[in-house]
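Asks: In my numbering, the protein residues as written are 10 to 989.
In this text, a Cβ means the ideal position worked out from N, Cα and C, and glycines have one as well.
Because the structure is a prediction, the values reported are computed rather than measured.
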Amino acid sequence: MLNPAVADTPKPESQKVDPQTAEFFETQIRPVLANNCYSCHGPAKQKAGLRLDSPEGLLKGSASGPVISGHDADKSTLVQVVRYNGDTQMPPAGKLPAKDIAAIEAWVKMGAPWPNDKTADGATASAAPASAPAGAPAGEYTITDQQRHFWSFVPVQKPVLPKVKNTAWVTSPLDNYILSKLEAQGLTPSHKADRRTLIRRATYDLIGLPPTPSEVDNFVLDKSPDAFAKVVDRLLASPHYGEKWGRHWLDVARYADSKGYVFEEDRRYPHAYNYRDWVIRAFNQDLPYDQFITQQLAADHLPLGDDRRPLAALGFLTVGRRFLNNPHDIIDDRIDVTMRGFQGLTVGCARCHDHKFDPIPTKDYYSLYGVFANSVEPPPQPISPKAISEPYAAHDKKLHDTQNERDEFIKAQVRSLREREQKNETLPNDVKETLAKFREETLPNGEQLAKLMPAFDPATQEKIKTFDQTLDTLRKTYPPTPELAMTMADTTQPVKAFVFRRGNPANQGDEVPRHFLAILSKEDRPSWTNGSGRLELAQAIASKDNPLTARVMVNRIWLQHFGFGLVRTPSDFGKQGERPSHPELLDYLAWRFMEDSWSIKKLHRLIMLSSTYQQSSDYNTKNFQADPENRLLWRMNRRRLELEGLRDSLLAATGHLDPKIGGPSVELWQAPFTTRRTVYGVIERQNLPGTFRTFDFATPDSSSPQRFRTTVPQQALFLMNSPFMIEQVRSLASRPEVIARPNDDSRVRYLYYLLFGRSPDADELAIAHHYLQTAAAPSTPPEPKSAVWHYGYGQYDATTNRVTSFTPLGTFKDEAYRGGAEFPDPNLHFLQLTATGGHPGIDAQHAAIRRWVAPQDGVVSIKGTAGHPETQGDGVEARIVSSRSGSVGVWTVYSAKVETNVQNITVQKGDTLDFVISCRANHNFDAFSWSNVITLAGANTSWDSQAQFVAPAGAAPKPLSAWERYTQALLMSNEFIFVD
């Protein structure tokens, strides 16, 4: 029997939770409860009065009282019994795996959120009706007419164009849909943006770069009625268009150059960049979207001829995480990226049970599972034209044939020596000793062969030398290397698919045929028998009869132009997602998209030549009060540059941006800094550099529908202090065009013209003059507070209650302290410390330790937050250890964030506070975040572990001059960092 827990508990009702929390519950919590608890605490039985299959039952508790204690896992009886801490141990058949216990702990700390079982319109969340219709077999999953008439499942049709009063404002059919809603609310659209704003907006939107001053001038002076249309067409024809829009799709495709956590295995994807380059090329060529879909799912089934580059499109499926090579999770990832990416449906939620909100039964999930279970990854395939691949293959064959001929010749000569030895012929001692060191059919190594050579006759020696010279020449004269792609192929023997009851592969249910989702198919949907079924899947998605495909994609395009989609949940068009703000406009754009042969470039043109797109972003009190979120689009949204646009703009300002298209990925944040565009940067899935996260880069762990926009101090710190930023500031300030100006006034004017496409006004010039004339010369900076922080690894000893060893991490690379230049390190594995967190080693002796050395006596307090972002593994243990007082705080952190606050710790100068992170039972998936601020009592002094994280001290950089500091201020201005 479960004992009561003393606590205030949440209200006994299900909740509306965010999609990430709902996914965590459905994948990590509900299956554990279903597999281990429902038999005794479910609908049929409620031992001790406890029912665990509903939020009401959970929060009501057992006959002895509540089992959940607020957000406190340690005080919650549910957690205590699954930990096997007391006399009552659940489940009685055996203790749960550590990862399941850790998931329940994390869930309770979240407040035990239970996704709402009712949708916004009051319908039950379960997709299936309570009973099957007459004539249907008992228990068969059916879809109701109400579900089929949900807005996103209704076929796309051209809607009626609404009438408007202000017809003069309308320049595109889409304006009618926007203006009609504004007029219905008594609102008016904003005035047209000025020309400098328009060309800046269009240039960033289409190629991700600022317009050049001459491009701005030409547009401003062009008085023709189609001047803006010419700008749009020029930008759509630019090869840089594909770089900008390809990156948007790579977010959806969860692109990365590595596998994620794989323990000892090589985690790199050396050929992933060919998928990235295919995406860029597809956008540049305006590949019709239906072909864009088909090539990414089934290029291996298409008649490609000599141009095999479309095979690289299959990287859409193959560049995902590898989940320690768990095939079920890999397939789940492929189902998720396909269905959320192309269909805007969270089909993965039907892995363990019928979808709770949308009409997607578990059988439909496993129908798709069968498609990918019948697909395999062959070795990387050549995709270069035959003119490159065939000479390379012929040369490679000649080299290998020559190598084999040489090896067989040498083996024959060695056998002859052994025969001579057996006949007691006289051989030099070193030859006999060498023959004794390797087996009869083994080829001698280079050193051994050199000792055997004198025993061969001159003709044999000469032939071996000729072989070696030929091989050396062949190795040096290879023709151009063909590019390789990460592809897919069908299995030679079909694999049957079965439902996994509650997601458990060991508990197979009914066999399921491979076919498309029932909600998107006719009632007599056929099974797929052509190989794996990937081609049929692609055709079903890319069909004009599919109600989701065009809607989802035009919404993604709209999102990138306006900052928000017409549907603000771009990868969830189901009941949990938001409904469109302008459903008729969404349908018009989807219809037009298909009518225009799925041309994305024509869709851009349609949107950008509208009055809606060309509005100013200026504020209007009346409109704002009526529509503060701008859902009616009475103005253009103001948007900050994303990481790619910011970094590329800085390089463009210096004149150093490399315009090369395509090629292998490069390191972005290591000196000497590359000048290639950001889209070509290495995306390291397991250890994504902190700069990416600071500027809201999309996580490559799963499909990202849109990027969050945060404003955090680290962004300003990067622009103020990072070596990359300082290098760009110096480069811009020393551009020949700047230096050649005769005085400060003309230099300031040139910078404004270069960066903003305009001249400074009188006030801006006065501010510049005042600063440049009065700015003090840079002084030698004081010793930084960062000197108190040290980075290493060691062990916490519970018997002495101290950290017993601390070994500094000797290498600083990729914005992290590590054990060596190679990563993962052969000895320390993934152990590292970054500004925001890091990764511990694989055992207690290799805990990651961030050490603070007290610079003075006093009493300090610590305020911090530790986080563990993974839903796999079992989390980490965070501990703060004082060299004077021992352990002052310890926390278990799993798939959640935990406050790590400690008050009133007495320190004397030279004492240490160690922030120790160690693995638990499972040392996989232990990446963590942990930032702390130490505050000295009675003084305005603090030490911030994140803000004061720096590379090891070296030669002090030369301080920026007044002119360089002024240049940096312009590069940090809103006018440079924002699109509008």
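#1: Examine the Cβ distances between the region 110-117 and the region 149-156 and report whether three or more of them are shorter than 8 Å.
#2: Which residue spans inside the region 210-262 form an unbroken alpha helix (DSSP H) run of at least 4?
#3: Taking C-beta to C-beta, are Tyr800 and Gly828 nearer than 9 Å?
#4: Secondary structure at Asn334, three-state DSSP: helix, strand or coil?
#5: Taking DSSP as the reference, what is the three-state secondary structure of Lys610?
#6: Whether or not the region 951-965 and the region 896-903 are in contact is what I'm after, with contact meaning three or more pairs of Cβ atoms, one per stretch, closer than 8 Å; do they touch?
#7: Ala784: buried (16+ other C-beta within 10 angstroms of its C-beta) or exposed?
#8: Between which two residues does the beta strand (DSSP E) harbouring Gln912 extend?
#9: Measuring straight from C-alpha to C-alpha, what distance separates Asp363 and Thr558?
#10: Hey, would you say Thr36 sits closer than 9 Å to Arg360, going by beta carbons?
#11: Our contact map puts Pro556 next to Phe162 with C-beta atoms below 8 Å; I'd like the distance itself, whole angstroms only.
#12: According to the neighbour-count rule (16 or more other Cβ atoms, all chains shown, within 10 Å of its Cβ), is Lys190 buried or exposed?
#13: Taking C-beta to C-beta, are Arg716 and Asp705 nearer than 9 Å?
#14: What does a CB cutoff of less than 6 Å around Met645 pick up in its chain, not counting 5 residues either side in sequence?
#15: Just the Cα atoms here: how many angstroms apart are Pro142 and Thr371?
#16: From Asn931, Thr944, His932, pick the residue whose C-alpha is nearest to that of Leu990; which is it?
#17: Suppose the cutoff is 6 Å on Cβ atoms and the five residues either side in sequence are ignored; what does the same chain contact list for Thr915 look like?
#18: Taking all protein chains shown into account, do 16 or more other C-beta atoms lie within 10 angstroms of the C-beta of Pro835, making it buried, or fewer, making it exposed?
#19: Is the distance from the Cβ of Ser376 to the Cβ of Arg510 below 9 Å?
#20: Would you identify the three-state DSSP class for Trp160, choosing helix, strand or coil?
#21: Just curious, the alpha helix (DSSP H) that Pro319 is in, first and last residue?
#22: Could you check what DSSP says for Lys474 in three-state terms: helix, strand or coil?
#23: Assign Lys127 to one of three DSSP states: helix, strand, or coil.
#24: Would you report the Cα separation of Ser580 and Arg285, rounded to the nearest angstrom?
#25: Assess contact between the region 929-946 and the region 723-740, defined as three or more Cβ pairs (one per stretch) separated by less than 8 Å. Is contact present?
#26: Relative to the alpha-carbon of Trp3, which residue among Arg277, Arg256, Ser267, His310 has its alpha-carbon at the smallest distance?
#27: Could you name each continuous alpha helix (DSSP H) segment of 4 residues or more that falls completely within the region 641-670, going from the start of the chain to the end?
#28: How long is the line joining the alpha carbons of Tyr975 and Asp989, rounded to whole angstroms?
#29: Can Gln294 and Ala551 be called in contact, C-beta distance under 9 Å?
#30: Based on Cα-Cα distance, which residue from Asp439, Asp62, Pro40, Lys167 lies nearest to Glu604?
#31: Going by alpha carbons, who is nearest to Leu595 out of Leu183, Ala82, Val907?
#32: Round the Cβ separation of Thr843 and Glu824 to the nearest angstrom and send it over; I've been treating them as touching at under 8 Å.
#33: Go through its chain and collect everything with a Cβ distance to Leu188's Cβ below 7 Å, but skip five positions before and after it.
#34: How would you write the range of the beta strand (DSSP E) that Lys906 sits in, first residue to last?
#35: When burial is assigned at 16 or more other CB atoms within 10 Å of the CB, is Ser606 buried or exposed?
#36: Are Arg656 and Ile986 close, meaning C-beta to C-beta below 9 Å?
Replies: Let me lay it out:
#1: Judged by pairs of C-beta atoms under 8 Å, the region 110-117 does not touch the region 149-156, as fewer than three such pairs exist.
#2: Secondary structure in the region 210-262: the alpha helix (DSSP H) runs of 4 residues or longer, each lying completely within the stretch, are 222-230, 236-245, 249-261 in chain order.
#3: Against the sequence shown, residue 800 aligns to sequence position 791. Against the sequence shown, residue 828 aligns to sequence position 819. Note that the C-beta distance between Tyr800 and Gly828 is not below 9 Å.
#4: Locating residue 334 in the sequence shown gives position 325, counting from the first residue. The answer is helix: DSSP assigns Asn334 an H, G or I state.
#5: On the sequence shown, position 601 is the one that residue 610 refers to. DSSP, reduced to helix, strand and coil, places Lys610 within a helical segment of the structure shown.
#6: Between the region 896-903 and the region 951-965 there are fewer than three inter-stretch CB-CB distances shorter than 8 Å, so the stretches are not counted as touching.
#7: Counting from 1 along the sequence shown, the entry for residue 784 is found at position 775. By the neighbour-count rule (16 or more Cβ atoms within 10 Å), Ala784 is not buried but exposed.
#8: Taking the sequence shown and counting its residues from 1, the one referred to as residue 912 is at position 903. For Gln912, the enclosing beta strand (DSSP E) starts and ends at 911-916.
#9: Stepping through the sequence shown from its first residue, residue 363 is reached at position 354. Stepping through the sequence shown from its first residue, residue 558 is reached at position 549. The C-alpha of Asp363 lies about 23 Å from the C-alpha of Thr558.
#10: Here residue 36 corresponds to residue number 27 of the sequence shown, with the count starting at 1. Here residue 360 corresponds to residue number 351 of the sequence shown, with the count starting at 1. Against a cut-off of 9 Å, the Cβ pair of Arg360 and Thr36 comes out as a contact.
#11: Counting from 1 along the sequence shown, the entry for residue 556 is found at position 547. Counting from 1 along the sequence shown, the entry for residue 162 is found at position 153. Here Pro556 really is in contact with Phe162; their C-beta atoms are around 6 Å apart, less than 8 Å.
#12: Indexing the sequence shown from 1 puts residue 190 at position 181. It is buried - the Cβ of Lys190 has at least 16 other Cβ atoms within 10 Å.
#13: Walking along the sequence shown from the start, residue 716 turns up at place 707. Walking along the sequence shown from the start, residue 705 turns up at place 696. With respect to the 9 Å criterion, Arg716 and Asp705 are classified as neighbours on the basis of their beta carbons.
#14: Here residue 645 is taken as the residue at index 636 of the sequence shown, counted from 1. By the criterion of a C-beta distance shorter than 6 Å, Met645 is surrounded in its chain by Gln624, Ser626, once the five residues flanking it on both sides are discounted.
#15: Working through the sequence shown from its first residue, we reach residue 142 at position 133. Working through the sequence shown from its first residue, we reach residue 371 at position 362. For Pro142, the predicted structure reports a pLDDT of 37, less than 50, and the residue's modelled location is therefore unreliable. The matter cannot be settled from this model.
#16: Outside the shown range of the chain (10 to 989) lies residue 990, about which nothing can therefore be said.
#17: As a first step, residue 915 must be located in the sequence shown, where it is residue number 906. Scanning its chain for C-beta atoms nearer than 6 Å, with the 5 sequence neighbours on each side dropped, one finds around Thr915 the residues Val868, in chain order.
#18: Start at 1 with the first residue of the sequence shown, and residue 835 comes out as number 826. Pro835 comes out exposed.
#19: Taking the first residue of the sequence shown as 1, we reach residue 376 at position 367. Taking the first residue of the sequence shown as 1, we reach residue 510 at position 501. Not closer than 9 Å, so no.
#20: As a first step, residue 160 is located in the sequence shown; it is residue number 151 there, counting from the start. Looking at Trp160 - three-state DSSP - the assignment turns out to be helix.
#21: In the sequence shown, the residue the question calls residue 319 occupies position 310. No alpha helix (DSSP H) contains Pro319, which DSSP labels as neither H nor E.
#22: In the sequence shown, the residue the question calls residue 474 occupies position 465. Note: Lys474 maps to helix in three-state DSSP.
#23: Position 118 of the sequence shown, counted from the start, is the residue given in the question as residue 127. Because the pLDDT of Lys127 is 45, which lies under 50, any placement of that residue in the model is unreliable, and the question is left without a value.
#24: Mapped onto the sequence shown, residue 580 falls at position 571. Mapped onto the sequence shown, residue 285 falls at position 276. CA-to-CA, the gap between Ser580 and Arg285 works out to about 21 Å.
#25: As far as the Cβ criterion goes, the region 929-946 does not touch the region 723-740, which means the pair count is below three.
#26: Outside the shown range of the chain, which is 10 to 989, sits residue 3, and nothing can be said about it.
#27: Complete alpha helix (DSSP H) runs here, min 4: 652-663.
#28: Translated into the one-based positions of the sequence shown, residue 975 becomes position 966. Translated into the one-based positions of the sequence shown, residue 989 becomes position 980. Separation of Tyr975 and Asp989 (C-alpha to C-alpha, rounded to the nearest whole angstrom) is 22 Å.
#29: Counting from 1 along the sequence shown, the entry for residue 294 is found at position 285. Counting from 1 along the sequence shown, the entry for residue 551 is found at position 542. In this structure, Ala551 does not lie closer than 9 Å to Gln294 by Cβ.
#30: The count along the sequence shown starts at 1 and reaches residue 604 at position 595. The residue with the shortest Cα to Cα distance from Glu604 is Lys167.
#31: Translated into positions along the sequence shown, residue 595 becomes position 586. It is Leu183.
#32: Here residue 843 refers to the residue found at position 834 when the sequence shown is read from its first residue. Here residue 824 refers to the residue found at position 815 when the sequence shown is read from its first residue. About 6 Å separates the CB atoms of Thr843 and Glu824; that is less than 8 Å, so the two are in contact.
#33: Position 179 of the sequence shown, counted from the first residue, corresponds to residue 188. By the criterion of a C-beta distance shorter than 7 Å, Leu188 is surrounded in its chain by Val173, Asn175, Trp178, Val179, Pro198, once the five residues flanking it on both sides are discounted.
#34: Sequence index remark: in the sequence shown, residue 906 carries index 897 (1-based). Looking at the DSSP string, the run of the beta strand (DSSP E) that includes Lys906 is 906-908.
#35: As a first step, residue 606 is located in the sequence shown; it is residue number 597 there, counting from the start. When all chains shown are included, Ser606 counts as exposed.
#36: In the sequence shown, the residue the question calls residue 656 occupies position 647. In the sequence shown, the residue the question calls residue 986 occupies position 977. Not closer than 9 Å, so no.
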